[in-house]
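Below is one structure, written out as structure tokens; comments come after it.
There are 2 protein chains.
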Amino acid sequence: MNHKNTRIQDVAREAGVSTATVSRALSNPELLSEATREQVFAAIRSTGYRVNRAARNLRTRRAGAVLVMVPNLGNPFFSQILAGISETLGDRDTSVLIADTGDRATLEKPLVDYFLDSQIDGMICLDGGLSHSEIQLFRDNGVSGRVVFACEWVHGLDLPSVRSDNVRGARLAVQHLHDLGHRKIAHVTGPEDNVLTHARRTGMLEERARLGLPAREEWIIRGDFSLASGRLAAHRILEMTDRPTAVFCASDQVAFGLISTLTANGVRVPEDMSVIGFDDIDLSEFYVPALTTVRQDRRALGARAASLLLNCIDVGEEGAACRRDPVILDVELVIRSSATRVSGA
Amino acid sequence: MNHKNTRIQDVAREAGVSTATVSRALSNPELLSEATREQVFAAIRSTGYRVNRAARNLRTRRAGAVLVMVPNLGNPFFSQILAGISETLGDRDTSVLIADTGDRATLEKPLVDYFLDSQIDGMICLDGGLSHSEIQLFRDNGVSGRVVFACEWVHGLDLPSVRSDNVRGARLAVQHLHDLGHRKIAHVTGPEDNVLTHARRTGMLEERARLGLPAREEWIIRGDFSLASGRLAAHRILEMTDRPTAVFCASDQVAFGLISTLTANGVRVPEDMSVIGFDDIDLSEFYVPALTTVRQDRRALGARAASLLLNCIDVGEEGAACRRDPVILDVELVIRSSATRVSGA
DNA sequence: TCTTTTTATGTAATCGATTACATTTATCAT
DNA sequence: ATGATAAATGTAATCGATTACATAAAAAGA
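In structure tokens:
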């Protein structure tokens, strides 16, 4: 039995109704009488009919897919977010395309082309680093009403977004270090143009100020969320004459890079230096030492973003109805072993 | 300028040719005379025309997408493979759908439905754990000619695949440990029904035998590639009366779980116990200690799988032309710090 | 009983590109 | 010059589902 070529026509004939009726049975079953509805479903079953997506999409002017822009698929941070997204979108049988923005090879053509090529109905962007010209392109082509941001966002851009409470996360981290007796606290930031960098640094600086802790210019070390930047930060710290006793890192990956390099250079974590990360990726629990970090509810982040997007798509071009104020999810400090009571104090 | 509704008709009118000619300019430019071709392209540019994917797909009976089945997106091991895949498929403008097979929520409906719903042209499966009934479904529906496996494969299943030389990888690991003076070598396997588990264990056992090393039943510890199974393995080892001096793990994640737990229990790596992983994910270089491991060329793995699949799709249902013997890529031992010369020997 | 309204179903145009086949034009051998 | 062949382009059917509009049947109202 190969049902490859059953069309809606065949079902209609089998059920003794018109194609319109079959179509309605699928999309608006409540319009049909009990009897015909049953007949149609029986015919669908007996013929093994499946709707042809391309035909439906052509007629309805939908793509049945959304694109998710991920800054770096290799960062396990994103997987759970994607899971949340697929779960929500799967219910509405919309498929999920994934593009890695870090991987320039896959990103030759402007993003807006995906829309123009009617390949996608909308986009979830996990990358706040879109260029201004890119955003202007969205505007010009009237597709900005079908874009939502998750995790990251673009400063000053009035589009729907879902994010964690990054400022509070940073405050929790600093507070915790303070509670452990640390006074000289450093921070490894994300890349300078990133909104998360800004939020986390702000939270860190504010809390440090609030607690009346000392501030040194060199204790704020520029990074970029990567393992490698953690390593660089470690070298910077090793060279300092007035070393901090604790470091709050803008991501878990940075923390790993940092700890790994500190350890290799004889600075033990947490005995000689406490470290806190941000994200709580799966591995953090299994690092040596287990990483104290700020947890984001990644699955929820993805799910919310997806339903927000579906909303925007449904309300259509008008878009005004689409909520624009950011949804902010709470974070949680997960205490493990990489930060401990300050030694020799 | 909103080009939303330019159809091929509009271009044709603008260029003073028929729609057929425009279509040919896109798909078979060499059929047209230099002059008309230029005219058409000019018209395309001036109207901002973009082909409507749904219409093309409907007519050509293609989906323009392939599905990649990933056992666990959270495992950073897969990201580079995906990069390789997208790069290759992007050139043929085919989009990439990703399904996480570990995430049952997204996988309610049988895989074969993706084909039957004409949502995909083919599938790259990174998960060798497909059920027999699933595979039979592929057969029954004539879609098995458009499935290729990468990394993993299904034992006894005659479908194209790309994989690393797992047996050799395991041998290299054991050899290296032997070279470092280790004699009592343990192995943490993957899940029992997995083909990689089998290949790596086989390589390990064969090499251990070849080198005339002692074998104890309990030194082969069952795992499942996960961080958690590494932790379990560590507990098993800690309880042993006759402890191995080195452990070869079936994945880097297992190695991390193992090292983390050993360390937490006072067994230092590599001083008291050497550990080798498999995969060489990004993090391995930054673990503490930096992980000695077997590297797979993940990007190449993905790229080869993708081009193999395109091949299968192009030759069509006949499929016989499609190469069925596995492509096997070489692996490489990356020596870092987690395995060292045996102590007290 | 005869309108009027409601509910259920059918008819046929439509979405936009591709391509088999037909036709025209150019090239070439004789 | 002429018929044969090749190259370039056009005509129109087609892919398969959706839906505006039309119609028929049933229910409600007078």
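Chains as they are written, first to last, in this note's numbering: chain A, 1 to 345; chain B, 1001 to 1345. Each residue gets a CB set at the ideal place from its N, CA and C atoms; glycine is no exception.
(message) Please list, in chain order, the chain B residues whose beta carbon lies closer than 8 Å to that of F256 of chain A.
(response) Translated into the one-based positions of the first sequence, residue 256 of chain A becomes position 256. Here the neighbours are L1283, F1286 and Y1287.
(message) Using C-beta distances below 7 Å, list every residue in its chain close to G102 of chain A, excluding the 5 sequence neighbours before and after it, in chain order.
(response) Numbered from 1 along the first sequence, position 102 holds the residue referred to as residue 102 of chain A. Closer than 7 Å at Cβ, skipping near neighbours: P71 and N72.
(request) Could you tell me whether the stretch 232-239 of chain A touches the stretch 196-205 of chain A, using the rule of 3 or more Cβ pairs below 8 Å? (result) Per the Cβ contact rule, the stretch 232-239 of chain A is not in contact with the stretch 196-205 of chain A (fewer than 3 Cβ pairs under 8 Å).
(request) For the stretch 1047-1111 of chain B, list the alpha helix (DSSP H) runs that are entirely contained and at least 4 residues long, ordered along the chain. (result) 1053-1060 and 1077-1090
(request) Please list, in chain order, all residues of the same chain as F1245 of chain B whose beta carbon is under 6 Å from its beta carbon, the five residues on each side excluded. (result) Numbered from 1 along the second sequence, position 245 holds the residue referred to as residue 1245 of chain B. For clarity, residue 1245 of chain B is Thr in the given sequence; the question names Phe instead. Cβ within range, chain order: H1182, K1184 and V1342.
(request) Please specify which runs of the beta strand (DSSP E), each continuous and at least 3 residues long, are wholly inside the stretch 129-188 of chain A, giving them in chain order. (result) 147-150, 161-164 and 185-188
(message) Which residues in chain B have a C-beta closer than 9 Å to the C-beta of S229 of chain A? List them in chain order.
(response) Indexing the first sequence from 1 puts residue 229 of chain A at position 229. Those do not exist, as S229 of chain A stays about 11 Å from chain B at its closest Cβ, beyond 9 Å.
(message) Please state whether the Cβ-Cβ distance between T1225 of chain B and S1251 of chain B is less than 9 Å.
(response) Locating residue 1225 of chain B in the second sequence gives position 225, counting from the first residue. Locating residue 1251 of chain B in the second sequence gives position 251, counting from the first residue. Checking the sequence, you will find Phe at residue 1225 of chain B rather than Thr. In this structure, S1251 of chain B lies closer than 9 Å to F1225 of chain B by Cβ.
(message) Using a Cβ-Cβ distance cut-off of 9 Å, determine whether P1076 of chain B contacts chain A.
(response) Looking up residue 1076 of chain B in the second sequence gives position 76. Yes, contact with chain A.
(message) Can you check whether the C-beta of G319 of chain A is within less than 9 Å of a C-beta belonging to chain B?
(response) Stepping through the first sequence from its first residue, residue 319 of chain A is reached at position 319. Reliability fails at G319 of chain A, whose pLDDT of 48 lies under 50, so the model's placement of it is uncertain and the value that follows must be treated cautiously. Answer no: the Cβ-Cβ gap between G319 of chain A and chain B never drops below 9 Å.
(message) Quick check on the DSSP output: the alpha helix (DSSP H) that includes S27 of chain A runs from which residue to which?
(response) Taking the first residue of the first sequence as 1, we reach residue 27 of chain A at position 27. Boundaries of the alpha helix (DSSP H) harbouring S27 of chain A: T19 to S27, taken from the DSSP string.
(request) Report, in whole angstroms, the separation of the C-beta atoms of G1230 of chain B and A1255 of chain B, which I expect to be a contact under 8 Å. (result) In the second sequence, residue 1230 of chain B corresponds to position 230, counting from 1. In the second sequence, residue 1255 of chain B corresponds to position 255, counting from 1. That pair is a contact at about 6 Å.
(message) I'd like to know if T1263 of chain B contacts chain A, where contact means its C-beta is closer than 9 Å to some C-beta of that chain.
(response) The residue you call residue 1263 of chain B lines up with position 263 of the second sequence. Cβ-Cβ to chain A under 9 Å: yes for T1263 of chain B.
(message) If contacts are defined as beta-carbon pairs under 8 Å, then L958 of chain B and D1165 of chain B qualify, I think. What distance do you get, rounded to the angstrom?
(response) This structure cannot settle anything about residue 958 of chain B, because the visible part of chain B is limited to 1001 through 1345.
(request) Mind checking the stretch 137-148 of chain A against chain B and listing, in chain order, the residues whose C-beta falls within less than 9 Å of any C-beta there? (result) Residues D140, N141 and G142.
(message) Counting only C-beta atoms, is P1071 of chain B closer than 9 Å to chain A at any point?
(response) Here the question's residue 1071 of chain B lines up with position 71 in the second sequence. So no, P1071 of chain B is outside the interface.
(message) Quick check on DSSP: helix, strand or coil for S274 of chain A?
(response) Here residue 274 of chain A refers to the residue found at position 274 of the first sequence. Strand, per DSSP.
(message) Is it the case that the stretch 94-101 of chain A contacts the stretch 138-148 of chain A, given that we only count it when at least three CB pairs across the two stretches are under 8 Å?
(response) no
(request) For G257 of chain A, name the three-state secondary structure that DSSP assigns. (result) Counted from its first residue, the first sequence places residue 257 of chain A at position 257. Reduced to three states, the DSSP call for G257 of chain A is helix.
(request) Please compile the residues from chain A whose C-beta is within a distance smaller than 7 Å of the C-beta of S1095 of chain B. (result) By one-based count along the second sequence, residue 1095 of chain B stands at place 95. Those are L97 and Q119, listed as they occur along chain A.
(request) With DSSP collapsed to three states, give me the class of H1003 of chain B. (result) What you label residue 1003 of chain B is simply residue 3 of the second sequence in a count that begins at 1. Note that H1003 of chain B scores 43 on pLDDT, short of 50, meaning its location in the model is unreliable; the coordinates nonetheless yield the value given after this. DSSP places H1003 of chain B in coil when its eight states are reduced to three.
(request) State whether the stretch 1109-1125 of chain B contacts the stretch 42-56 of chain A, with contact taken as three or more CB pairs (one from each stretch) at a distance under 8 Å. (result) yes
(request) Determine, using beta carbons only, whether G64 of chain A comes closer than 9 Å to chain B. (result) By 1-based counting over the first sequence, the position of residue 64 of chain A is 64. Judged by the 9 Å Cβ criterion, G64 of chain A is in contact with chain B.
(request) Go to R1295 of chain B, then tell me how far its beta strand (DSSP E) extends in each direction, as first and last residue. (result) Here residue 1295 of chain B refers to the residue found at position 295 of the second sequence. First-last of the beta strand (DSSP E) with R1295 of chain B: T1292 to Q1296.
(request) Below 6 Å CB to CB, which residues in the same chain sit around G1084 of chain B once its five sequence neighbours on both sides are set aside? (result) Working through the second sequence from its first residue, we reach residue 1084 of chain B at position 84. For G1084 of chain B, where only same-chain residues beyond five positions count, the Cβ hits under 6 Å are R1299, G1302 and A1303.
(message) Under 8 Å, with one C-beta from each stretch per pair, do the stretch 123-132 of chain A and the stretch 187-197 of chain A reach the 3-pair mark?
(response) yes
(message) Does F286 of chain A come out as helix, strand or coil in the three-state DSSP assignment?
(response) In the first sequence, residue 286 of chain A corresponds to position 286, counting from 1. In the structure shown, F286 of chain A sits in a helix (DSSP, three-state: H, G or I).
(message) Looking at chain A, is there any beta carbon in it that lies within less than 9 Å of the beta carbon of A1306 of chain B?
(response) Along the second sequence, one-based indexing puts residue 1306 of chain B at 306. Not closer than 9 Å to any Cβ of chain A, the Cβ of A1306 of chain B fails to qualify, so no.
(request) Measure the alpha-carbon distance for P160 of chain A versus T340 of chain A and round it to whole angstroms. (result) For the purposes of this step, residue 160 of chain A is identified with residue 160 of the first sequence, where counting begins at 1. For the purposes of this step, residue 340 of chain A is identified with residue 340 of the first sequence, where counting begins at 1. C-alpha separation (whole angstroms): 39 Å.
(message) Let's see if you can read the secondary structure: which residues bound the beta strand (DSSP E) around A246 of chain A?
(response) For the purposes of this step, residue 246 of chain A is taken as residue 246 along the first sequence, with counting starting at 1. Counting along the chain, the beta strand (DSSP E) containing A246 of chain A begins and ends at A246 to C249.
(request) Could you tell me whether the Cβ of S343 of chain A comes closer than 9 Å to any Cβ of chain B? (result) As a position in the first sequence, residue 343 of chain A is number 343, starting the count at 1. For S343 of chain A, the closest Cβ of chain B is not nearer than 9 Å.
(message) Suppose contacts are defined by Cβ-Cβ distances below 9 Å. Is L1309 of chain B in contact with V1154 of chain B by that definition?
(response) Translated into the one-based positions of the second sequence, residue 1309 of chain B becomes position 309. Translated into the one-based positions of the second sequence, residue 1154 of chain B becomes position 154. It is not a contact, given that the beta carbons lie outside the stated cut-off.
(request) Kindly indicate if chain B contains any beta-carbon less than 9 Å away from that of V51 of chain A. (result) The sequence position of residue 51 of chain A within the first sequence is 51, counting from 1. It does: the Cβ of V51 of chain A has a partner Cβ on chain B nearer than 9 Å.
(request) State the DSSP-derived secondary structure class of M433 of chain A, mapped to helix, strand or coil. (result) Lying before the first or after the last residue shown, residue 433 of chain A is absent from chain A, which here runs from 1 to 345.
(message) Can you tell me where the beta strand (DSSP E) holding D1327 of chain B begins and where it ends?
(response) The residue you call residue 1327 of chain B lines up with position 327 of the second sequence. According to the sequence provided, residue 1327 of chain B is Val. The question's Asp does not apply to it. Where V1327 of chain B is concerned, the enclosing beta strand (DSSP E) stretches over V1327 to L1329.
(request) Please report the residue range of the alpha helix (DSSP H) in which G992 of chain B lies. (result) Residue numbering for chain B in the displayed model covers 1001 to 1345; residue 992 of chain B lies beyond these limits and cannot be assessed.
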